[in-house]
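Worksheet: the structure to be examined is printed underneath.
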Amino acid sequence: MDAIFSLKPSFAEAILEGSKTVELRTVAPAKPVERVWIYVTAPQMKIMGYFRPGDIRHATAEDCKRAQVPDVDLSRFFAIEICDPVTLEPPINPRGLNLPYLWLSPQSWRYAGKQEEKALREVAP
Numbered sequence: 026m027d028a029i030f031s032l033k034p035s036f037a038e039a040i041l042e043g044s045k046t047v048e049l050r051t052v053a054p055a056k057p058v059e060r061v062w063i064y065v066t067a068p069q070m071k072i073m074g075y076f077r078p079g080d081i082r083h084a085t086a087e088d089c090k091r092a093q094v095p096d097v098d099l100s101r102f103f104a105i106e107i108c109d110p111v112t113l114e115p116p117i118n119p120r121g122l123n124l125p126y127l128w129l130s131p132q133s134w135r136y137a138g139k140q141e142e143k144a145l146r147e148v149a150p
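Heads up, the working numbering is the position in the sequence shown plus 25, with the first residue counted as 1.
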């Protein structure tokens, strides 16, 4: 199963260049996720890459540093390890995936639908 994370451009770039190695989220995926697609918010509004999620745990102070965020209330966050990030060239316009429905960006993150996952993996195996 795949997931789609919505990220600000600066965080997406840091993940794809390898300097950000943890992503903090208030809600962690409950089901196993094989690939996390990185949807970059405005002005790009495209899927710029993906990564394999590693360990998912309650966040620590070290995770805040690795996530490149200031100290936060750690009791609210989960840390998701970022493994093997891949930059897509060219990026994917998700509305151009020829899905039978209008593609909507996630508020924070969501699981990819079966048709969505299939279309994304055809473009970026």
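Positions of the beta carbon are idealized from the N, C-alpha and C atoms, including for glycine. On a predicted model such as this, the values are computed, not experimentally measured, just so you know.
Check whether residue i and residue j have beta carbons under 7 Å apart
{"i": "P110", "j": "V65", "result": "no"}
{"i": "W134", "j": "A28", "result": "yes"}
{"i": "L113", "j": "A149", "result": "yes"}
{"i": "T46", "j": "R101", "result": "no"}
For residue j and residue i, believed in contact at Cβ under 8 Å, the rounded distance
{"i": "A84", "j": "L49", "result": "6 Å"}
{"i": "P78", "j": "V61", "result": "5 Å"}
Where residue i falls, given that 16 or more other Cβ within 10 Å makes a residue buried
{"i": "M70", "result": "exposed"}
{"i": "D213", "result": "Residue numbering for the chain in the displayed model covers 26 to 150; residue 213 lies beyond these limits and cannot be assessed."}
Any chance you could list the beta strand (DSSP E) runs of at least 3 consecutive residues sitting entirely within the stretch 44-109, in chain order?
47-50, 60-65 and 71-83
Do the stretch 119-128 and the stretch 34-45 make contact, defined as three or more Cβ pairs closer than 8 Å?
no
Can you confirm whether the stretch 101-115 touches the stretch 50-69 when touching is taken to mean that 3 or more C-beta pairs between the two stretches lie within less than 8 Å?
yes
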